[in-house]
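Chemist:
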Amino acid sequence: MRLQSALVFGIAFGLLFIAQVPFALGTVSPSQAGLGTGLYFGGMSAASAIASTILPQFALNAATGVLWGAIAFTIAALSLIKIRHQFNEF
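At position 49 of the sequence shown the residue is numbered 53 (this note's numbering), and the sequence of numbers has no breaks.
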């Protein structure tokens with residue numbers, strides 16, 4: 005069961021990370037592809053650095069992790085909806 009869960013999560017994360025770079029490049033004009041790529045990798049690095057400094061200070065249990073995951077998912081979903089509406093206006 006643990007192996008199956010790890011495999012499913014690994015596939016899900018792999019698909020997610022494969023799709024992020026094309027999404028980042030698709031949100032900017034072709035002349036600003038370098039800016040889109042830089043913002044993507046810079047944002048990922050900043051988020052990783054912030055998370056690694058903040059998370060060791062808190063003792064997170066499963067319920068707290070699920071709550072923070074739900075909050076992050078909601079923020080990301082609302083951001084994507086906003087971006088989609090901006091692209092549909094043009």
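Note that the Cβ used here is the ideal one computed from N, Cα and C, for glycine as well.
To the nearest whole angstrom, what separates the beta carbons of L29 and G40, a pair I think is in contact under 8 Å?
Modeler: With 8 Å as the limit, L29 and G40 qualify as a contact, their Cβ atoms being about 5 Å apart.
Chemist: Could you tell me the alpha carbon to alpha carbon distance between A10 and A76, rounded to whole angstroms?
Modeler: Looking at the two C-alpha atoms, the distance is approximately 21 Å.
Chemist: Tell me the rounded alpha-carbon separation between G18 and R6.
Modeler: Rounded to whole angstroms, G18 to R6 spans 18 Å at the Cα level.
Chemist: Tell me the rounded alpha-carbon separation between V12 and L71.
Modeler: Distance between the alpha carbons of V12 and L71 is about 21 Å.
Chemist: Can you tell me which of the three DSSP states L29 falls into?
Modeler: Here L29 sits in helix by DSSP.
Chemist: Which class does L64 belong to by DSSP, given the choice of helix, strand or coil?
Modeler: In the structure shown, L64 sits in coil (DSSP, three-state: anything other than H, G, I, E or B).
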